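Residue numbers (the working numbering), protein chains in the order written: chain S, 11 to 194; chain Z, 14 to 211.
Cβ atoms here follow ideal geometry from the backbone N, Cα and C, with glycine treated the same way.
The model shown is predicted, which means the values in this text are computed figures rather than measured ones.
Working notes, beginning with the structure itself.
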């Protein structure tokens with residue numbers, strides 16, 4: 011077998027070109043499906059955090075993208091995708107809020123890399139209910155049952171994940187407040 | 014034909030990649046926390062292994078020896094990228110739970126190892142038999158391991174709750190430590206069986 015530099019370069023180039031051409035077709039073929047899933051996931055999340063919304067609009071304010079939910083011409087809530095670091099990797103949360111009444115409607119975890127069985131429980135309704143119909147403000151993560159509105163019940167064995175999500179939600183609420191005035 | 018069956022059976026038991034050769038440990042330890050993840054990872058790896066063994070076995074005479082490893086990696090990476098797109102498009106839930114472990118199949122030493130040890134030296138039909146055997150061998154161990162871990166760690170198998178609320182899940186089984194413990198015990202059991210056999 012000829013091992014001249016020319017032959018080596020040629021071999022790798024040919025394989026590279028064939029792979030690239032093949033993958034271009036695969037990319038063209040799968041991208042519409044992938045985008046459809048992403049849009050569907052986002053739409054589902056918006057409907058979950060602004061349940062009263064009939065339709066929503068994408069609005070950019072202060073460099074952030076907000077989703078405003080409307081019901082019969084009336085704005086009923088604002089949703090925002092907030093990101094932050096979790097216990098492992100980035101957590102992405104859709105936060106729905108009602109800035110007129112200064113309350114959080116609810117949250118939905120879009121993506122995370124937390125430990126299955128522990129931190130991954132941030133996606134359960136049990137944990138998410140900590141942020142349903144709650145006032146804007148600073149939250150405290152506690153390890154027992156909550157008795158006050160500004161408390162978040164930590165997931166057993168996953169206090170860090172619980173705190174990280176709480177931070178992300180607090181930041182998102184600040185962003186929404188800054189853009190929409192917020193509070194009475 | 015006998016040769017083909019022997020090539021196929023080789024990966025299932027005698028040279029099983031996980032329990033005998035102990036290669037491909039990264040996905041083995043990382044994604045076997047639920048049965049569905051273990052199965053999906055096994056099938057995705059098998060697909061990449063089979064396709065790349067076919068291609069490499071076909072073009073092995075055209076690849077100069079000095080660049081064979083980069084050539085193999087290019088071919089493997091192409092199939093892995095294909096798998097990644099395909100899973101994101103058609104099984105998005107599984108794709109998101111396996112996340113970065115799909116692209117990491119590129120560096121699974123099981124795949125490159127089989128190209129070096131088998132596909133680059135043997136004809137296509139034997140390479141297919143070897144790849145299918147190795148792929149299934151890899152998949153069955155992943156599934157066995159993930160069923161044990163999911164059952165003990167969450168009380169369910171394939172997402173179906175089998176153990177009632179009386180069962181206190183052993184959280185450690187779905188954490189990395191549980192992977193080492195259960196894999197060690199599994200390999201131990203397999204070694205006892207092999208030594209009895211002969």
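Collapsed DSSP secondary structure at residue i in the structure displayed
i                      : result
residue 75 of chain S  : strand
residue 207 of chain Z : helix
residue 116 of chain S : strand
residue 49 of chain S  : helix
residue 143 of chain S : coil
residue 110 of chain S : coil
residue 65 of chain S  : strand
residue 173 of chain Z : strand
residue 191 of chain Z : helix
residue 19 of chain Z  : helix
residue 168 of chain S : strand
residue 131 of chain S : helix
residue 187 of chain S : helix
residue 27 of chain S  : helix
residue 26 of chain Z  : coil
residue 133 of chain Z : coil
residue 178 of chain Z : coil
residue 42 of chain S  : helix
residue 156 of chain S : coil
Straight-line gap, residue i to residue j (C-alpha atoms, nearest Å)
i                      : j                      : result
residue 129 of chain S : residue 198 of chain Z : 27 Å
residue 63 of chain Z  : residue 193 of chain Z : 28 Å
residue 84 of chain Z  : residue 76 of chain Z  : 8 Å
residue 22 of chain S  : residue 117 of chain S : 49 Å
residue 142 of chain Z : residue 117 of chain Z : 24 Å
residue 155 of chain Z : residue 200 of chain Z : 12 Å
residue 141 of chain S : residue 115 of chain S : 7 Å
residue 27 of chain Z  : residue 207 of chain Z : 9 Å
residue 104 of chain S : residue 98 of chain Z  : 25 Å
residue 178 of chain Z : residue 163 of chain S : 22 Å
residue 39 of chain Z  : residue 151 of chain Z : 13 Å
residue 139 of chain S : residue 166 of chain S : 15 Å
residue 74 of chain S  : residue 57 of chain S  : 19 Å
residue 194 of chain S : residue 55 of chain S  : Note on residue 194 of chain S: pLDDT 41, under 50, position unreliable in the model; no value is reported.
residue 98 of chain S  : residue 18 of chain Z  : 44 Å
residue 35 of chain Z  : residue 14 of chain S  : 37 Å
residue 185 of chain Z : residue 158 of chain Z : 14 Å
residue 177 of chain S : residue 160 of chain S : 13 Å
residue 25 of chain Z  : residue 78 of chain Z  : 30 Å
residue 100 of chain Z : residue 107 of chain Z : 8 Å
residue 54 of chain Z  : residue 111 of chain Z : 8 Å
residue 182 of chain Z : residue 137 of chain S : 19 Å
residue 46 of chain S  : residue 105 of chain Z : 11 Å
residue 213 of chain Z : residue 179 of chain S : Because chain Z spans 14 through 211 in this model, residue 213 of chain Z falls outside it and cannot be assessed.
residue 32 of chain Z  : residue 147 of chain Z : 12 Å
residue 53 of chain S  : residue 84 of chain S  : 19 Å
Start and end residues, alpha helix (DSSP H) containing residue i
i                      : result
residue 43 of chain Z  : 38 to 43
residue 61 of chain Z  : 48 to 72
residue 154 of chain Z : 137 to 167
residue 100 of chain Z : 81 to 103
residue 125 of chain Z : 122 to 127
Residues sharing a beta bridge with residue i, DSSP
i                      : result
residue 103 of chain S : S:92, S:119
residue 87 of chain S  : S:79
residue 161 of chain S : S:150
residue 70 of chain S  : S:75
Member of the options whose CA lies at the smallest distance from the CA of residue i
i                      : options                    : result
residue 66 of chain S  : S:89, S:44, S:127          : S:89
residue 146 of chain S : S:172, S:127, S:109, S:154 : S:109
residue 111 of chain S : S:18, S:187, S:34, S:25    : S:187
residue 161 of chain Z : Z:47, Z:14, Z:21           : Z:47
residue 62 of chain S  : S:143, S:177, S:149, S:125 : S:143
residue 91 of chain Z  : Z:109, Z:112, Z:69, Z:104  : Z:69
residue 40 of chain S  : Z:103, Z:158, Z:20         : Z:103
residue 20 of chain S  : Z:81, Z:34, Z:18           : Z:81
residue 5 of chain S   : S:155, S:131, S:113, S:170 : Residue coverage of chain S in this structure runs from 11 to 194, which leaves residue 5 of chain S outside it and unanswerable.
residue 45 of chain Z  : Z:136, Z:114, Z:120        : Z:114
residue 29 of chain S  : Z:95, Z:78, Z:25, Z:49     : Z:95
residue 180 of chain Z : Z:14, Z:163, Z:32, Z:209   : Z:163
residue 183 of chain S : S:137, S:106, S:150, S:136 : S:106
residue 169 of chain S : S:81, S:151, S:37          : S:151
residue 41 of chain Z  : Z:196, Z:171, Z:134, Z:138 : Z:196
residue 137 of chain Z : Z:66, Z:169, Z:126         : Z:66
Residue-level contact to chain B via CB, residue i, 9 Å cutoff
i                     : result
residue 58 of chain S : No chain B is present in this structure, whose protein chains are S and Z.
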